Amino acid sequence: MTNSAEGSGDKAEHNEETPVERHAEHQEDLGFWRKYIFSTDHKVIGLQYAFTSMFFLLFGFSLMMLMRWQLAFPGEALPIIGKLFGEANMPDGVMDPQFYNQLGAMHGTIMVFLGIVPLAVGAFGNFVVPLQIGAPDMAFPKLNMASYWALFTGGIIMLVSFILPGGAAKSGWTSYTPLAVIETTGQTFWLLGMIFLITSSLLGAINFITTIIQMRAKGLTFMRLPFFVWVQFITAFLLLLAFPPLEAAGVLQLMDRLAGTSFFLPSGLVVSGEVLNVSGGGSPLLWQHLFWFLAHPEVYVLILPAMGIVAEIISNNTRKPIWGYKSMVYSLIFLGFMSFIVWAHHMFITGMGTMMSAFFQTTTMIISVPSVIILSALFISLWGGSIRFTTPMLFALGFLPMFGIGGLTGLPLGLAPTDIHLHDTYYVIGHFHYIVAPGTILALFAGVYYWFPKITGRKMSDVLGKIHFWGTIVFMNGVFMPMFIQGLAGVSRRLYDGGQLYDIAQPVLEWNVFMSVSAWLLGVAQIPFLINLFGSIKKGKKVSANPWEATTMEWTAAPSPPIPHGNFPVVPTAYRGPYEYSVPGSSSGFIPQDQEN
Amino acid sequence: MEIPYTTTVRPDTGVYNAKLGVWLFLASEVMLFGGLFSAYIFLRVGAPEWPGMIAGHMFERSSDILNVPIGTFNTMVLIASSVTMVLSWASLMMKNFSKYKLYMGLTILFGFIFLIVKAFEYSDKFSHHFYPSESAFLAIYFTLTGLHGLHVIGGIIVNLYFWGPGSKMWKTQPKRFTNRIEIAGLYWHFVDIVWIFLFPTIYLL
């Protein structure tokens, strides 16, 4: 009683003080543009992120499906659609090498910065975090809107760069210098686009951290936070602190390209047999250091939200608390910290010196410990549970071994001696794709199936979901497993012909067709997902507010779909930890976080 | 349901939302300038001499290229502007709005003086054909001071808004307006501190 009285008192006070926010209550009356396009509601912004990032995931994947044609059948004309790409890119339907490089660079950039991060952090984080912590919205709704539109602008710049003379960026998603500095205008657009994407992430990160620290419901202490909120919290710190050095590097590379400086150009640089007319004195290694200082924490930005989603779903579907919640949280914090001091394991063969290699391979081995703790805790959580094999649970279960393969194959890359053989081969491609594709993307699908009823009040079809799951996991392995075989044989990445010209590649070349067919079938396997996703919005089976019988507050304290502004009919209070399943003596078998006694 | 702690302090964390937000923003700014300073150290350690050859002349000290007295003057101007920034916030805390107007106006004025002096420095360099493309030293000098200059411009825009149209909020929500000046001040001090690091590293070392 006292609580609610205090609450309403607060409200009256605010109403007098803040006309801006009183205005927000009348959001219902706002026109289409303010309600759906320039919305400040975290749920609408989350959905904007979701649709944008899914478009880019599909777009980035299409780039790869094109490249796989060239790798499987080098120099052969692509039937039917080949001529649509223009004479400059695919003369007579045969892929130009420069176009292949564009596709490769943009596939990486789009998948990482416009696909996975906006979906994992922008979409799920935005939609779920305020609901899970009992907050009416994010702490800075306008900033939230700004960060989405910065991402959108960055995405448009990246797309536009394809139609520039010379095409899009083509020096890889890593944009290594000096190659990137002497590239065509596409690279300038890449840098401008990246500055927008970085700004978007920075604003988002500030918003997430402030929201989680300031807006937790009464009684929701840090150790009662759902694990998903914890991963978003740590992820936001990684984005906040790792992205600015890349922004600095981007500014320096822009200066190199536009103002003629030589931050990354060494003295006496020779290009195509001619000495470049630059002042020199720069260092190509400097770019790599600044780039990987971002890009290694970025790897954890890609994987941590996936772990959070999987933890939620596993606990919910085994009807048990996740095993070792505290050790998972401490591992997460330690992992976040360590991720800032492992970056140079990407640079073992640059000649930076054995002392540096020794340091970074040690830190790399140390960082594998917290990852293994989290993964083991998730595995042990399955132990003795009566598992419900719902569609989200299938994807979550698929995540565990896939991430395991990705993680374990990383160990030889983290040790300098073995990395010398494997560096820049298809083994590396296989390794990190196992982390982000069968790993993170499976978890993101799990999240879509899991939170879809929260967003729409309807469930997605289980039949289509299961077809989608089996198609995806089988063909993903079909694409990525042979990469280990090719990589161990020594086939380099980024080869336009897939290695045709190299003797060492001959025994393993036959895998190229297998991988390409798997990639195209993987594309086909996404059709049931798209039908399911869009079809279920209107036609899915209607479900109750808490269809999974979950304990966290987004399900228990808010209706599904949640009310437009404010989320909660009554401000929730947390009385217990996030995963009180199978509590002895409780009648329903689970106790919601916001339930007293 | 409104967003809590936009104006009032959350008891268990001791801050209001925007204050935490601005501290986080400043943390990312530290990493931005940290990255740039690291780049400076990286390039300088690898350079045979510093500043080295520029436009056919050999320079042994940074102070032979850059004007230290003018840089010192600009440092003083920025420090003074930080003092007036604090005074403008303190005036609001003491409910003295006209004093606030005065001190905030001075802060903005000092910001402009800094930029004008900087513009003269730049044009002086350009007239001697000292461009960013001439050497690693000049590239560092122009990029770092240029980026810092953009931060000063950003700060001036924010301060101008709070001095002019934004100050209407004082009548309706004095507490919230005071908070806004506090966090604008935090940013302004940060920009000042960056310069206090930039000046000795580039002009003197």
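In order, the protein sequences belong to chains Z and L. Here the first sequence is numbered in my numbering, starting from 1418 and rising by one per residue. Here the second sequence is numbered in my numbering, starting from 25 and rising by one per residue. For every residue, glycine included, the Cβ atom is placed at its ideal position computed from N, Cα and C. As the structure is a prediction and not an experimental result, all values here were calculated from the model.
In the three-state DSSP reduction, R68/L falls in the helix class (H, G or I). When the alpha-carbon of P1870/Z is set against those of F1849/Z, A1794/Z, I1954/Z, the nearest one is in I1954/Z. Just measuring C-alpha positions, the residue of M1932/Z, E1966/Z, V1716/Z sitting nearest I1730/Z is E1966/Z. Proximity of S1744/Z to chain L, defined by a Cβ-Cβ separation below 8 angstroms, is not satisfied. As the crow flies, the alpha-carbon of P1964/Z is around 17 angstroms from that of S2004/Z. In chain order, P1945 place their CB closer than 7 angstroms to the CB of I1884/Z, counting only its own chain and leaving out the 5 sequence neighbours on each side.
I89/L: not part of any beta strand (DSSP E); DSSP gives it neither H nor E. According to the DSSP assignment, M1575/Z belongs to the alpha helix (DSSP H) that extends over 1558-1577. The C-beta distance from Q1917/Z to P1514/Z rounds to 13 angstroms, too long to meet the 8 angstroms contact threshold.
Using a Cβ-Cβ cut-off of 8 angstroms, G190/L does not count as an interface residue toward chain Z, since no Cβ of chain Z sits closer than that to its own. The Cβ-Cβ distance between T1605/Z and I1720/Z does not fall below 8 angstroms. If you draw a straight line from the Cα of G1957/Z to the Cα of P1809/Z, it is about 16 angstroms long. Close partners of Q1631/Z in chain L (Cβ separation under 7 angstroms): Y29, R34, T37, N41, L44. Interface flag for G80/L against chain Z is unset, since no Cβ pair is found closer than 8 angstroms. Considering only V54/L, E206/L, S105/L, the residue with the shortest C-alpha distance to E1664/Z is V54/L. Take L1488/Z, set aside five residues on each side of it, and the residues of its chain with a beta-carbon closer than 7 angstroms to its own are G1915, N1929, S1933, in chain order. If you ignore the 5 residues before and after S1774/Z, its C-beta comes within less than 7 angstroms of the C-beta of F1765, A1833, all in its own chain and listed in chain order. Under the three-state reduction of DSSP, G76/L is assigned to strand. Distances from the alpha-carbon of L1703/Z to those of I1890/Z, W1760/Z, V1845/Z put W1760/Z closest.
By the beta-carbon neighbour count (other beta carbons within 10 angstroms, threshold 16), W113/L is buried.
N98/L counts as buried, since at least 16 other C-beta atoms from the protein chains shown sit within 10 angstroms of its C-beta. About 7 angstroms separates the Cβ atoms of A1585/Z and A1522/Z, confirming a contact at the 8 angstroms cut-off. Between G1525/Z and W1590/Z, the beta carbon gap of about 3 angstroms places them in contact (Cβ cut-off 8 angstroms). Judged by DSSP in its simplified three-state form, Y1998/Z adopts strand. Residues V1716, L1719, I1720, F1820, G1823, G1824, G1827 of the same chain have their beta carbon placed closer than 8 angstroms to that of I1852/Z, with the five preceding and five following residues left out of the count.
Between the beta-carbon of F1625/Z and that of G1697/Z there is about 42 angstroms, and that puts the pair past the 8 angstroms contact cut.
Counting every other CB atom within 10 Å of its CB across the protein chains shown gives Q1670/Z a total of 16 or more, marking it as buried. At a C-beta separation below 8 angstroms, P156/L has these neighbours in chain Z: M1672, A1676, G1677, T1678. Looking at K1500/Z, T1616/Z, R1674/Z, I1533/Z, the one whose alpha-carbon comes closest to that of A1597/Z is R1674/Z. DSSP lists Y1998/Z as the bridge partner or partners of F2007/Z. According to DSSP, S1909/Z shares a beta bridge with T1842/Z.
Closest in alpha carbon position to Q1903/Z, among V1891/Z, Q1923/Z, T1889/Z, Y1913/Z, is Q1923/Z. Using a CB distance below 9 angstroms, no part of the region 1480-1504 of chain Z faces chain L. Between L67/L and R1910/Z, the alpha-carbon positions lie close to 30 angstroms from each other.
Burial of M1562/Z is indicated by the presence of at least 16 other C-beta atoms within 10 angstroms of its C-beta.
For the region 206-219 of chain L, the set of residues with a beta-carbon nearer than 8 angstroms to any beta-carbon of chain Z is empty.
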